[in-house]
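**Q**
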Amino acid sequence: MIRETAPRLRIAIQKSGRLTDNSLDLLTRCGLRFSRARDQLVCFGENLPLDILLVRDDDIPGLVQEDACELGIVGQNVIAEKRLALAGNGGAPFQEVMALDFGRCRLAIAVPEDAAWAGIESVRGRRVATSYPLVLARWLADRGISADVIPQNGAVEIAPRLGRADMICDLVSTGSTLAANGLREVETVLESRAALIRTPVSIAPEKADWLDRLLRRIEGVQKVDGSKYIMLHAPRAALARITALLPGSEHPTILPLDGTDEKVALHAVCRENVFWETLESLKGAGATSILVLPVEKMLA
Ligand code: PRT
Ligand code: ZN
462 MIRETAPRLR IAIQKSGRLT DNSLDLLTRC GLRFSRARDQ LVCFGENLPL
512 DILLVRDDDI PGLVQEDACE LGIVGQNVIA EKRLALAGNG GAPFQEVMAL
562 DFGRCRLAIA VPEDAAWAGI ESVRGRRVAT SYPLVLARWL ADRGISADVI
612 PQNGAVEIAP RLGRADMICD LVSTGSTLAA NGLREVETVL ESRAALIRTP
662 VSIAPEKADW LDRLLRRIEG VQKVDGSKYI MLHAPRAALA RITALLPGSE
712 HPTILPLDGT DEKVALHAVC RENVFWETLE SLKGAGATSI LVLPVEKMLA
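Numbering (the numbering used here), first residue to last: 462 to 761.
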């Protein structure tokens, strides 16, 4: 049994929130099997020496920084704020290993719909409510703008209506929360997505070996995210046109078809999603028997 004998790695992920499903899905696609009971704080990996800690996202950088877990998955927005908070304590910060393909959002300044906006000079001397006071203060200082940064945890978007602030700086993805609160997005402070972080402390060799394998697997999963394997039949004469239509593909494989010289089979990995419009264009260019398959893993 792996669990009792081998040293085990720990990865902290968000217990319940926007990053939870994608984080668990990524680990599953890396080959980890685990059972998850409701309200469980730790999920033991059943087939790999890797356990999952389920915590609030704000606690993840601290747990990794203190070496309570070797790895963590958390938003770059949280990473940026925590990095600035820890910089004051002189602690060795955690390291960001790689950005992941989910949890995309931006930290942006938004003003009431009817407020004038003449660029970031409009922030000078005003009150800005935010859950990211250190990131915002640094961003403003870098631009030589002094303003009154008002830290607020949660429900930042109602601060202007309550008269607590003139504008806000908050996370935005679709923009519908801003619109519902009569606010207008005017300036991006930080682009963010989920990222994998690791402890700054050196790891024992047996664990380090597993950590490397896990990182390679995560890279393998990320590489094929959104990729498709496309197979079709094409008239030889139309090959150049058809190849040019394939989104994000490099070197397609061309195979002969039994009983004909005029038509060939073409197989290609497309690094982007293949939409119906592309299939229709391929058909228009002479392709037939078009099949599009998901790509699960790729090891370069
Ligand atoms: O309980 P815990 O502390 O773990 O969770 P949390 O409430 O702090 O975090 P959660 O689950 O809301 O978000 C986790 C992470 O997801 C964030 O740190 C970001 O990295 C990422 N993320 C991506 C977002 C959003 N998109 C997002 N839209 N986090 C928050 N939002 C909020 C935003 O604050 C605003 O209230 O959604 C609202 C805006 O969304 P739109 O679509 O209306 O623009
Ligand atoms: Zn949180």
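Yeah, the Cβ is synthetic: ideal placement off N, Cα and C, and Gly gets one too.
With distance defined between alpha-carbon atoms, name the residue in Val735, Gln537, Thr591 and Arg544 nearest to Cys566.
**A** Residue Gln537 is the option with its Cα nearest to Cys566.
**Q** With a threshold of 6 angstroms (Cβ to nearest heavy atom), would Asp519 be considered close to the ligand ZN?
**A** yes
**Q** Is the stretch 573 to 580 touching the stretch 543 to 559, taking contact as three or more C-beta pairs under 8 angstroms?
**A** The way I'd put it, the stretch 573 to 580 doesn't touch the stretch 543 to 559; fewer than three beta-carbon pairs between them come closer than 8 angstroms.
**Q** Please tell me whether Ala571 and Glu652 are closer than 7 angstroms, where the distance is taken between their beta carbons.
**A** no
**Q** Per DSSP, what kind of secondary structure is Ala705 in: helix, strand or coil?
**A** DSSP, read as helix, strand or coil, puts Ala705 in helix.
**Q** Below 8 angstroms, how does it come out for the stretch 658 to 673 and the stretch 524 to 537: are there three or more Cβ pairs, yes or no?
**A** yes
**Q** Tell me which residue opens and which closes the beta strand (DSSP E) that Arg659 is part of.
**A** Ala655 to Arg659
**Q** So does Arg479 have its beta carbon nearer than 6 angstroms to some heavy atom of the ligand GDP?
**A** Inclusion of the ligand GDP in the displayed structure is not the case, the ligand content consisting of the ligand PRT and the ligand ZN alone.
**Q** Taking C-alpha atoms, which residue in Arg732, Ile513 and Pro594 lies nearest to Pro681?
**A** The question names Pro, but residue 681 is Gly in the sequence shown. Gly681 has its Cα closest to that of Arg732, out of Arg732, Ile513 and Pro594.
**Q** Which runs of the alpha helix (DSSP H), 4 residues or longer, sit entirely within the stretch 515 to 549?
**A** 521 to 526 and 537 to 548
**Q** Contact check, Ile619 vs Val584 under 8 angstroms by CB: the rounded distance?
**A** At roughly 19 angstroms, the Cβ-Cβ gap does not stay under 8 angstroms, so Ile619 and Val584 are not in contact.
**Q** Would you mind listing the alpha helix (DSSP H) stretches within the stretch 471 to 510 that are 4+ residues and don't spill past its ends, in chain order?
**A** 481 to 490
**Q** So does the stretch 722 to 736 actually touch the stretch 664 to 677, counting three or more Cβ pairs closer than 8 angstroms?
**A** no
**Q** Which runs of the alpha helix (DSSP H) at least 4 residues long sit entirely within the stretch 681 to 751? Give them in chain order.
**A** 700 to 706 and 737 to 745
**Q** Using three-state DSSP, classify Glu757 as helix, strand or coil.
**A** Three-state result, Glu757: coil.
**Q** When you measure from the CB of Ser750 to every non-hydrogen atom of the ligand PRT, does any distance come out below 6 angstroms?
**A** no
**Q** Just the Cα atoms here: how many angstroms apart are Leu743 and Val756?
**A** 20 angstroms
**Q** Using a threshold of 6 angstroms, is the CB atom of Thr638 nearer than that to any non-hydrogen atom of the ligand PRT?
**A** yes
**Q** Quick one, which of Glu741, Ala701 and Thr749 has its alpha-carbon nearest His694's?
**A** Thr749
**Q** The alpha helix (DSSP H) spanning Ala569 covers which residue range?
**A** It is not in any alpha helix (DSSP H) - Ala569 instead sits in the beta strand (DSSP E) that spans Cys566 to Pro573.
**Q** Within its chain, find whatever has a CB closer than 7 angstroms to the CB of Glu648; leave out the 5 residues flanking it on each side and keep chain order.
**A** Ala569, Ile570 and Ile581
**Q** Can you name, in chain order, every residue of its own chain whose Cβ lies under 8 angstroms from the Cβ of Leu700, other than the five neighbours on each side?
**A** The beta carbon of Leu700 lies closer than 8 angstroms to those of Ile715, Val725 and Leu727 in the same chain, with the five residues before and after it left out.
**Q** With a Cβ-Cβ cutoff of 7 angstroms, do Asp562 and Gln683 count as a contact?
**A** yes
**Q** Would a C-beta distance cut-off of 7 angstroms place Asp512 and Arg469 closer than the cut-off?
**A** yes
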